[in-house]
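Trainee: Can you keep this structure in mind? I'll have questions shortly.
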Amino acid sequence: ASRFEGVPMAPPDPILGVSEAFKADTSDLKLNLGVGAYRTEELQPAVLNVVKKAEKLMLEKGENKEYLPIEGFAAFNKATADLLLGADNPVIKQGRVATLQSLSGTGSLRLAAAFIQRYFPDSKVLISSPTWGNHKNIFNDARVPWSEYRYYDPKTVGLDFEGMIADIQAAPEGSFVLLHGCAHNPTGIDPTPEQWEKLADVIEEKKHMPFFDVAYQGFASGSLDEDASSVRLFVKRGLEVFVAQSYSKNLGLYAERIGAINVICSAPEVADRVKSQLKRLARPMYSNPPIHGAKIVANVVGDPTMFGEWKEEMEQMAGRIKNVRQKLYDSLTEKDQSGKDWSFILRQIGMFSFTGLNRPQSDNMTDKWHIYMTKDGRISLAGLNLAKCEYLADAIIDSFH
Ligand code: PLP
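Count along the sequence shown starting at 1, add 33, and that's the number in the numbering used here.
Right, here's the structure in full:
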C-alpha cells in the first residue's frame, strides 16, 4: 500500500497542458497556438542575437557562480527599475523604489502575494475577468482572497470600461487592483490613456493599491517606453505601486526565470522597510535568484550598442506578429460569407488574439483541425506564420458555424 492513496491526479495545466497535448499529436497539420512564446516565421523557437552576444561576453569573462544576494544582482536591479520607470524618474533618484530580482513574472507575483498575505491580511486582490490563468492559482496558493472586476465585453469584443470602473469603485477601500501594464492577456485589449487616468482617479480615491503585471514591455507597441506608460502615469501621481516584471517575452528568456518585483513607495525609508521584508520572504522560499538571466539583462541594457540591437530585434518580433494579425484578418474577411465583423482582431494588441470561440468551438479547433489553443478562445499569434493563416481562418470559420 502506498502512503499516497489520498493524492488524486491533478488536472493538466490549462496553458502548459496544451503543449503536452500538441506534442502527442502526430498530424502534419498540427499548429500550437497555446502557449505565449515567440516563434520565427518557420515556427521555430529562437534565441535573440543580442542575447547570444551577451552570453559570449559573459563566457569570455569567465565569471564565477557564487550565490547572489537575496535581492539579486545589483546591476540587474538597477537596469530593470530604469527600464520600467525611465532612468531619470524622480522616484529612482529619491531612492523610493524597492526592487528584488525574482523568478520571472510568476515568481515576482508570488512573492508580492506572500507579502500581501503577511502585511495586508484583510485586503483582497481584484483581478480582471478574464485574466491570465495563473493569476488565480498564485493568489489561491498564497491564501490571498480575490474577486473579479468586469473587463471584457463580448458584445463589443472590447473593454467594458463602465463595468471595470464600477467594480473597482464598489470594492472595499484599500483593495489591491491587479492591472496588466500592456497587452492584456488573454484579450489583447488595453485601456486608452484617458481611461488609465480615470482608473487612477478611482484607485486613488478608494485608497486602493495598484498592482501592475508587466509581462510584455516592448512587445505590445514595439516601444519599451510606450508600453510602460500606464505604470509611469500612476507613479507620476505620487501613488504607491507594485509592479511585477518579466523578461520571458521581450528578451526571449523564458527558461532563465528572470524578472523582478518593484514596490514604489512614498519615501526612501518606506522602500527600505518593504525591501527588507521581501528579502525575508524570499529567503525561506528559494533563498536567492539565479544569476545567468540577470547578467544577460544587465549586459544588454548597460551597453548602448546592445541595447539598440535589442530594441531592433523586439520591433522585428512585434512586427512579425502584426503581420500575421493582418493576414489572419484578411483571410477571415475574404473567406467568411456570414458578414461577421472581424475587425476586433486588428484592434487587439500583443501576442494574443481573443477570438470569441467558446469551449466546444475551441475543442473543434483541436479535434478536427489539430489547432491547439487555450479553451477560453485565446490564440497566440506568436505561434502563427503567414503560410498557416488561411488554414487557421478556415478552421475558425468552420468552428464558429
Ligand atoms: N503575467 C502574464 C499576464 C503573463 O502572460 C505571463 C506569461 O505568460 C506572466 C505573467 C509570467 O510569465 P513568466 O513567469 O514566464 O515571466
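We put the CB at the ideal spot given by N, CA and C, even for glycine.
1) With contact counted as at least three CB pairs below 8 Å, one residue from each stretch, are the segment 379 to 396 and the segment 307 to 316 in contact?
2) On a Cα-Cα basis, can you pick out the residue from A79, F106, Y71 that is closest to N321?
3) By how many angstroms is the C-alpha of W402 removed from the C-alpha of G207?
4) With C-beta atoms as the reference, is G67 less than 8 Å away from T388?
5) Please indicate yes or no: does the CB of W165 lie closer than 7 Å to some heavy atom of the ligand PLP?
6) Closer than 8 Å, CB to CB, is I48 near chain B or not?
7) Measuring alpha carbon to alpha carbon, tell me which residue in V333, K360, S413 is nearest L90.
8) In terms of residue numbering, what span does the alpha helix (DSSP H) encompassing Q349 cover?
9) Here's a check: name, in chain order, each residue in its chain whose Cβ is nearer than 6 Å to the Cβ of M242, leaving out the five neighbours to either side.
10) What does a CB cutoff of less than 7 Å around A428 pick up in its chain, not counting 5 residues either side in sequence?
11) Are the CB atoms of V330 and A112 within a distance shorter than 8 Å?
12) Can you check which of these residues, L266, T132, D258, F275, is closest to V158 by C-alpha distance?
13) How close, in whole Å, do the beta carbons of I198 and K231 come, if the pair is a contact with beta carbons under 8 Å?
14) Helix, strand or coil: which one does DSSP assign to N321?
15) L360: which of G292, L136, L425 sits nearest, CA to CA?
16) What did DSSP end up calling E96 once you bin it into helix, strand or coil?
17) When the distance is taken between beta carbons, is V84 closer than 8 Å to L284?
18) Kindly examine the ligand PLP and report whether one of its heavy atoms sits closer than 7 Å to the Cβ of G292.
19) Which residue or residues does DSSP assign as beta-bridge partners of T132?
20) Any heavy atom of the ligand PLP inside 7 Å of the beta-carbon of A114?
21) Classify E181 as helix, strand or coil using the three-state DSSP reduction.
22) Is it the case that the Cβ atoms of I236 and I201 are separated by a distance below 8 Å?
23) Within 7 Å: the Cβ of K355 and any heavy atom of the ligand ADP?
24) Report buried or exposed for P393, applying the criterion of at least 16 other Cβ atoms within 10 angstroms of its Cβ.
25) Can you confirm whether the segment 289 to 299 touches the segment 261 to 279 when touching is taken to mean that 3 or more C-beta pairs between the two stretches lie within less than 8 Å?
26) Under 8 Å, do R129 and A175 count as touching if we go by C-beta distance?
27) Any heavy atom of the ligand PLP inside 7 Å of the beta-carbon of T220?
28) Determine the contact status of L192 and I222, defining contact as a CB-CB distance below 8 Å.
29) Closer than 7 Å to a non-hydrogen atom of the ligand PLP - does that hold for the CB of S5?
30) Per DSSP, what are the beta-bridge partners of Y405 in this structure?
31) Between I48 and the rest of its own chain, which residues show a CB-CB distance below 7 Å, the 5 nearest in sequence each way excluded?
32) Whole angstroms is fine: what's the gap from Q349's alpha carbon to V190's?
33) I need the boundaries of the alpha helix (DSSP H) containing L242, first residue and last residue.
34) Helix or strand or just coil, what does DSSP make of V210?
35) List the residues that DSSP assigns as beta-bridge partners of R411.
Mentor: Walking through what the data contain:
1) These segments do not touch.
2) Ranking A79, F106, Y71 by CA distance to the CA of N321 puts F106 first.
3) Distance between the alpha carbons of G207 and W402 is about 47 Å.
4) Cβ distance not < 8 Å, so G67 and T388 don't count as in contact.
5) W165: yes, Cβ under 7 Å from the ligand PLP.
6) Any reference to chain B falls outside this structure, which holds one protein chain only.
7) Of V333, K360, S413, the residue nearest in Cα terms is V333.
8) Taken as a continuous stretch (DSSP letters only), the alpha helix (DSSP H) holding Q349 covers 337 to 368.
9) F209.
10) So the list reads M398, W402, I404, once near-sequence residues are dropped.
11) Contact: yes.
12) Nearest option by C-alpha distance: F275.
13) Here I198 really is in contact with K231; their C-beta atoms are around 7 Å apart, less than 8 Å.
14) Coil.
15) The amino acid occupying residue 360 in the given sequence is Lys; Leu does not appear at that position. Distance check between K360 and each of G292, L136, L425 places L425 closest, using alpha-carbon atoms only.
16) Correct three-state label for E96: coil.
17) Pairing L284 with V84 gives a Cβ-Cβ distance under 8 Å.
18) Inclusion of G292 in the 7 Å shell around the ligand PLP follows from its C-beta lying nearer than that to a non-hydrogen atom of the ligand.
19) Looking at the DSSP output, T132 bridges to N295.
20) Between the ligand PLP and A114, a heavy atom-to-CB distance of less than 7 Å is absent.
21) E181 falls in the strand class under three-state DSSP.
22) The criterion of a C-beta distance shorter than 8 Å is satisfied by I236 and I201.
23) Absent from the structure shown: the ligand ADP. Ligands present: the ligand PLP.
24) P393 should be labelled exposed.
25) Because the criterion of three Cβ pairs below 8 Å is met, the segment 261 to 279 and the segment 289 to 299 touch.
26) No.
27) The ligand PLP never approaches T220 closely enough for any of its heavy atoms to be under 7 Å from the residue's Cβ.
28) Cβ atoms of L192 and I222: closer than 8 Å.
29) Because the chain is modelled from 34 through 434, residue 5 falls outside the range shown and cannot be assessed.
30) Residue pairing from DSSP places Y405 in a beta bridge opposite N65.
31) G67, V68, G166, T407, listed in sequence order.
32) One alpha carbon belongs to Q349, the other to V190, and they sit about 27 Å apart.
33) Checking the displayed sequence, the identity of residue 242 turns out to be Met instead of Leu. Annotation for M242: no alpha helix (DSSP H) segment contains it, though the beta strand (DSSP E) segment containing it runs 242 to 247.
34) V210: strand per DSSP, three-state reduction.
35) Bridge partners of R411: F387.
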